[in-house]
Structure formats: C-alpha cells, structure tokens
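K.L.:
Numbering (my numbering), first residue to last: 193 to 303. Can you read through this structure? Questions will come right after.
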Amino acid sequence: AISSYTGLKKGIQKLSDVNVWLSFILLAFVFIVGPTVFIMETTVTGFGNMLRDFFHMATWMEPFGGIHGRKETHFPQDWTIFYWSWWLVYAPFIGLFIARISKGRTLKEVV
193 AISSYTGLKK
203 GIQKLSDVNV
213 WLSFILLAFV
223 FIVGPTVFIM
233 ETTVTGFGNM
243 LRDFFHMATW
253 MEPFGGIHGR
263 KETHFPQDWT
273 IFYWSWWLVY
283 APFIGLFIAR
293 ISKGRTLKEV
303 V
C-alpha cells in the first residue's frame with residue numbers, strides 16, 4: 193500500500209528504511225532485556241575461537257581420516273567453507289548463463 197501511494201522507488205526505499213530501523217530496535221531490545229552478559233561472553237568467545245582456529249580449519253583436509261583405524265570426522269565436508277567453495281564454482285556458471293540469455297538487453301531489462 194505504501195509503495196502504491198508514494199511510487200514504487202520511494203515506497204520500497206521507505207519500507208527498507210523502516211525495516212532496518214525495526215531490526216536495530218529489536219537488536220537493542222534483545223540486548224537490553226535479554227541475557228546481556230551471556231550475549232557479550234558468547235560473542236567475545238566465538239570471535240576469539242574464530243581468530244584462533246581459522247587458518248588451521250581453513251587448510252585442514254583430513255588426509256588420514258579413516259586410514260589405519262584413525263577417526264574420520266567428516267570435518268571438511270561439513271564445514272561452511274566447503275559450501276562456500278561450491279558457490280565459488282557454481283556462481284560463474286550462473287553468471288555465464290544469465291549473460292547468455294540476456295544478450296542484447298540492457299541491465300535494467302534483465303533486472
């Protein structure tokens with residue numbers, strides 16, 4: 193209704209602004225009313241663990257998992273970076289596909 197009244201571009205912009213402000217208000221409310229100490233401790237601990245373990249976890253490929261009785265953890269397959277690599281491989285193909293079907297059209301027409 194707001195988009196129809198104010199025009200599509202202004203309406204979407206206003207809805208986006210309201211959405212951002214509401215999310216900040218919700219974040220502040222949860223931070224103030226909720227378990228503030230727990231939120232702060234968990235944030236700092238999680239960030240510290242990420243800084244400590246990132247390079248080890250990003251380069252570990254589990255080369256000996258399941259060989260000679262060693263435990264196989266499936267860590268590389270289950271970690272988020274594994275899925276990021278899927279998208280890094282998948283995204284160029286989608287880009288090429290969109291470019292091919294959009295040949296001769298302007299960016300505005302494609303979007």
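Where a beta carbon is used, it is the ideal one built from N, C-alpha and C, also for glycine.
Does the beta-carbon distance from residue 267 to residue 252 come in below 8 Å?
P.N.:
Here residue 267 refers to the residue found at position 75 of the sequence shown. Here residue 252 refers to the residue found at position 60 of the sequence shown. Yes, Cβ-Cβ distance for residue 267 and residue 252 is below 8 Å.
K.L.:
So the alpha helix (DSSP H) residue 268 belongs to, where does it begin and stop?
P.N.:
In the sequence shown, residue 268 corresponds to position 76, counting from 1. Its alpha helix (DSSP H) spans residues 267-270.
K.L.:
Locate the alpha helix (DSSP H) running through residue 238, then write down its first and last residues.
P.N.:
Position 46 of the sequence shown, counted from the first residue, corresponds to residue 238. Unbroken alpha helix (DSSP H) run through residue 238: 228-251.
K.L.:
Compute the Euclidean distance between the alpha carbons of residue 234 and residue 270, then round it to the nearest angstrom.
P.N.:
One-based indexing of the sequence shown puts residue 234 at position 42. One-based indexing of the sequence shown puts residue 270 at position 78. The straight-line gap from Cα to Cα measures roughly 22 Å.
K.L.:
Taking Cβ to Cβ, would you say residue 217 is nearer than 8 Å to residue 223?
P.N.:
Here residue 217 corresponds to residue number 25 of the sequence shown, with the count starting at 1. Here residue 223 corresponds to residue number 31 of the sequence shown, with the count starting at 1. In this structure, residue 223 does not lie closer than 8 Å to residue 217 by Cβ.
K.L.:
Excluding sequence positions up to five away, which residues of its chain have a Cβ less than 6 Å from the Cβ of residue 249?
P.N.:
The residue you call residue 249 lines up with position 57 of the sequence shown. So the list is empty, once near-sequence residues are dropped.
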